[in-house]
Amino acid sequence: MGGAVAAKAVKAMCENAGSPSVVKGVVRGLSIIDVAEGSAMDALKSMDSIIASKPKAFHSEEEAIMWNVKSGIIKFLESARVSTPATLTKDKGVFKWRTDLAKTRPYWEGWFKGLSNDFMSVKVPRQLVVAAPERMDTELTCLLYTSDAADE
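Numbering follows my numbering, with no gaps: position 103 of the sequence shown is 103.
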C-alpha cells in the first residue's frame, strides 16, 4: 500500500510544482516494492477473507508475532519480531491491531487504480522491484524493456 500512496503523492507534487527541478529538490526518488496495479487489484478480492481470519486481540506481543509467521503474513520470524510490534496497541491488558483494516475498505481501489500510470508519469528517479515480472502490467513491462534497451 505504501508504494501506491507514495506514487500518488509524488505525482501530485509534480503536477503542482510547475517545475520538475522543484520536486527533485524535495523528492530524491520513488521506489515501489513488489506491487503492480493489476496484481494489487486482483489481491483486493481476497482482502475481506484475510481480515476476517485475523484474530481481534492477542494476550502478548509474542503471540501476535507468532500468528503473523504461522499465518504466512510474514515469512521470517526475525522480520515479524521487528515489524509486528509497531502494528499493535495495548488496550486493557491485550494487544490489538493498531489499524482496523476493514475501515480502510472504501479507499482500497483508489489506492491502486492508476498506480502504473502514476509511477510512470513522475519526473524523479524511479525504482520498481518485483519478485515476479509476469505480474507486471503492460505499462510497467514496457518500462522494463525500455530500461533493458537503454543498458545495451
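In this text, a Cβ means the ideal position worked out from N, Cα and C, and glycines have one as well.
Contact check, residue i vs residue j, beta carbons under 8 Å
i: A6; j: L30; result: yes
i: W108; j: M47; result: yes
i: A57; j: V94; result: yes
i: P85; j: E63; result: no
i: V124; j: V27; result: yes
i: T87; j: R105; result: no
Residue range of the unbroken alpha helix (DSSP H) whose run includes residue i
i: V122; result: Careful: V122 lies outside any alpha helix (DSSP H) and carries neither H nor E.
i: K90; result: Taken as a continuous stretch (DSSP letters only), K90 belongs to no alpha helix (DSSP H), being part of the beta strand (DSSP E) at 88-91.
i: S39; result: 37-44
i: L77; result: 77-83
i: G114; result: It is not in any alpha helix (DSSP H) - G114 carries neither H nor E in the DSSP assignment.
i: V10; result: 2-17
i: D48; result: 47-53
i: A64; result: 61-71
Same chain, Cβ closer than 7 Å to residue i, neighbours up to 5 away in sequence not counted
i: A9; result: none
i: P163; result: With the chain represented from 1 up to 152, any question about residue 163 goes unanswered, as that position is not in the structure.
i: D118; result: A7, K8, K11
i: S121; result: K11
i: I65; result: A80, R81, T84
i: H59; result: V94
i: R126; result: G29, L30, F119
Span of the beta strand (DSSP E) around residue i
i: K96; result: 94-97
i: S31; result: 30-33
Same chain, Cβ closer than 6 Å to residue i, neighbours up to 5 away in sequence not counted
i: A17; result: V23
i: M41; result: F112
i: E15; result: none
i: E37; result: F112, L115, S116, D137
CB-CB length for residue i against residue j, believed under 8 Å
i: L115; j: A4; result: 5 Å
Below-8 Å beta-carbon distance, residue i vs any chain B residue
i: S83; result: Looking for chain B here will not work: only one protein chain is present.
Cut-off 8 Å between Cβ atoms - residues of its own chain near residue i, not counting five sequence neighbours on either side
i: G25; result: none
i: K75; result: V69
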